[in-house]
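Right, one structure below, let's go through it.
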Amino acid sequence: MDRQASLIAQSFNNLAHSLSHMVMVLYPTAVLGMTAGFGLSYGEMVALATPGLVLYGVAALPAGWLGDRWSAPGMMAIFFLGTGAATLATGFARTPFEVMLGLAAVGLFSSIYHPVGIAWLISTAINPGRALGINGIFGSIGIAAGPLFAGFATDWAGWRWAFIVPGLVGIAIGLGLLVALRRLGSRARGSGREDAYPVARGEAWRALGILAGTTALAGMLYQSISIAMPKVFDERVALLSGDTAAIGATVAAVYLASSCSQLMGGWLADRFDLKWVYVVCNAAVAPLVAGAGVAAGLPVVAAVFLAISLSICGNPAENAMIARFAPERWRSVIYGAKFVLALGVSGLVAPLAIGYFDRTTGTTAMLLYVLGATSVVLAALALMLPPSRQGRAPQPALAD
220 MDRQASLIAQ SFNNLAHSLS HMVMVLYPTA VLGMTAGFGL SYGEMVALAT PGLVLYGVAA
280 LPAGWLGDRW SAPGMMAIFF LGTGAATLAT GFARTPFEVM LGLAAVGLFS SIYHPVGIAW
340 LISTAINPGR ALGINGIFGS IGIAAGPLFA GFATDWAGWR WAFIVPGLVG IAIGLGLLVA
400 LRRLGSRARG SGREDAYPVA RGEAWRALGI LAGTTALAGM LYQSISIAMP KVFDERVALL
460 SGDTAAIGAT VAAVYLASSC SQLMGGWLAD RFDLKWVYVV CNAAVAPLVA GAGVAAGLPV
520 VAAVFLAISL SICGNPAENA MIARFAPERW RSVIYGAKFV LALGVSGLVA PLAIGYFDRT
580 TGTTAMLLYV LGATSVVLAA LALMLPPSRQ GRAPQPALAD
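In the numbering used here, the protein residues as written are 220 to 619.
If you want it as structure tokens, here you go:
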């Protein structure tokens with residue numbers, strides 16, 4: 220693929236990764252300024268996000284199928300335009316049902332990115348490893364920008380603007396992508412190819428089964444921390460309590476600072492056994508999350524920052540193991556299944572769990588204890604994985 224087409228494709232892909240994460244984390248901060256206007260409790264308002272979070276994961280499978288069968292660049296244009304329009308519409312919601320409907324549409328269109336965008340990125344990149352590293356940073360920027368913008372917009376102009384502005388930006392980028400695709404023509408599709416070496420069939424499927432369980436738990440853990448983080452800071456950090464803008468800025472700082480850990484995770488995955496990188500990163504999350512439940516003040520921020528960093532640090536090892544054990548002809552489907560488990564299942568469980576503990580205990584402490592226990596279970600399950608040294612070998616796959 221020529222360098223100009225590759226650069227254009229990667230640029231839009233990076234913007235898409237930022238937007239896909241940003242729009243999904245606007246609500247946890249904006250909701251702090253929405254409860255009074257809608258006459259619902261925090262737990263009830265958080266529950267409105269459930270359909271959107273579920274669709275964000277579950278719809279990844281059909282989105283990936285359409286990207287393979289129809290057009291990855293075309294699906295990316297639908298992603299930008301659909302996500303932008305849905306986010307904009309959420310900003311004009313007048314009832315709790317309309318909020319839920321808007322967030323569901325945001326989740327549906329945002330689900331397109333991960334199965335379609337990552338495959339498109341690899342097929343158009345001249346240096347795929349470097350492109351994936353940069354793309355990961357853009358995803359972290361989106362996660363950080365969401366609560367930061369939502370916090371300031373909610374405090375200064377009202378919660379509606381936290382959705383209206385990103386919605387308009389998404390639509391504008393989508394129109395720009397349509398213009399770029401028209402100029403690039405067939406060059407926009409790319410032509411990637413992966414080399415592979417065989418892995419024993421039985422060992423591979425056993426590993427994939429274990430990874431299905433760990434992926435679901437890791438997704439639930441990460442989404443629960445992400446959704447609850449503004450509330451945890453509001454409740455347990457007196458310096459931030461009641462200041463939505465400051466809470467949003469702190470959450471953004473946590474995400475930005477922790478984003479570098481994925482580069483460290485990639486470095487570790489290249490040099491050590493993938494299994495042990497994965498186990499150690501997830502096991503270390505447990506005392507940090509549980510500790511945040513008993514701490515107060517700035518130590519809570521530090522504990523959450525380290526927990527998020529370690530969770531992200533384990534992602535490259537997880538993805539590398541999936542690539543190692545997945546049959547090449549089913550790899551995109553299995554990655555789609557990963558997003559269903561990591562985003563869809565956890566999207567159902569996380570807000571319901573947060574709402575349950577808010578109703579029954581009135582604090583986030585018990586939630587944090589349960590999340591700490593979840594990390595222990597995740598690490599114990601990961602111990603059952605076969606050894607998997609990444610080294611400098613090409614990305615492997617199961618022999619068919």
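Glycine included, each C-beta is placed from N, C-alpha and C at the ideal position.
- When only Cα atoms are considered, residue 378 and residue 308 end up about 13 Å apart.
- Residues of the same chain with a CB within less than 8 Å of the CB of residue 590, apart from the 5 flanking positions on each side, are 440, 443, 444, 508, 509 in chain order.
- Pairwise C-beta distances place the segment 357-365 in contact with the segment 240-250, as three or more of them are shorter than 8 Å.
- Considering only 504, 425, 369, the residue with the shortest C-alpha distance to residue 606 is 425.
- Pairing residue 224 with residue 339, the inter-Cα distance amounts to about 12 Å.
- Following the DSSP letters along the chain, one finds residue 253 in no alpha helix (DSSP H), marked with neither H nor E.
- Leaving aside the five residues that flank residue 496 on each side, the residues in its chain whose CB is nearer than 6 Å to its CB run, in chain order, 487, 488, 536.
- At a Cβ-Cβ threshold of 8 Å, residue 446 and residue 265 count as neighbours.
- Around the CB of residue 343, 16 or more other CB atoms lie within 10 Å, so the residue is classed as buried.
- For residue 253, same chain residues with a beta-carbon under 7 Å away, outside a window of 5 residues either side, are 264, 378 in chain order.
- In the three-state reduction of the DSSP assignment, residue 532 falls in the helix class, which pools H, G and I.
- Taken in chain order, the complete alpha helix (DSSP H) segments of 4 residues or longer contained in the segment 236-305 are 245-249, 254-257, 261-266, 269-277, 279-288.
- Taken atom to atom, the span from the alpha-carbon of residue 599 to that of residue 556 is near 22 Å.
- Bounds of the alpha helix (DSSP H) holding residue 403 are 380-403.
- Straight-line measurement puts the Cα of residue 460 at about 18 Å from the Cα of residue 372.
- Within the same chain, and ignoring the five residues on either side of residue 432 in sequence, the residues whose Cβ sits closer than 7 Å to its Cβ are 600.
- Assignment of residue 507 by DSSP, reduced to helix, strand and coil, places it in the helix class.
- With respect to residue 386, residue 310 sits close: the two C-beta atoms are nearer than 8 Å.
- In the DSSP annotation of this structure, the continuous segment of the alpha helix (DSSP H) that includes residue 446 starts and ends at 420-455.
- A straight-line Cα-Cα distance of about 28 Å links residue 584 and residue 479.
- Contact annotation, residue 305 with residue 325: C-beta distance approximately 4 Å; criterion of less than 8 Å satisfied.
- In the three-state reduction of the DSSP assignment, residue 462 falls in the coil class, being assigned neither a helical nor a strand state.
- When the beta-carbon positions are compared, residue 529 and residue 504 come within less than 8 Å of each other.
- Secondary structure within the segment 554-609: the alpha helix (DSSP H) runs of 4 or more consecutive residues, fully enclosed, are 565-580, 584-601 (chain order).
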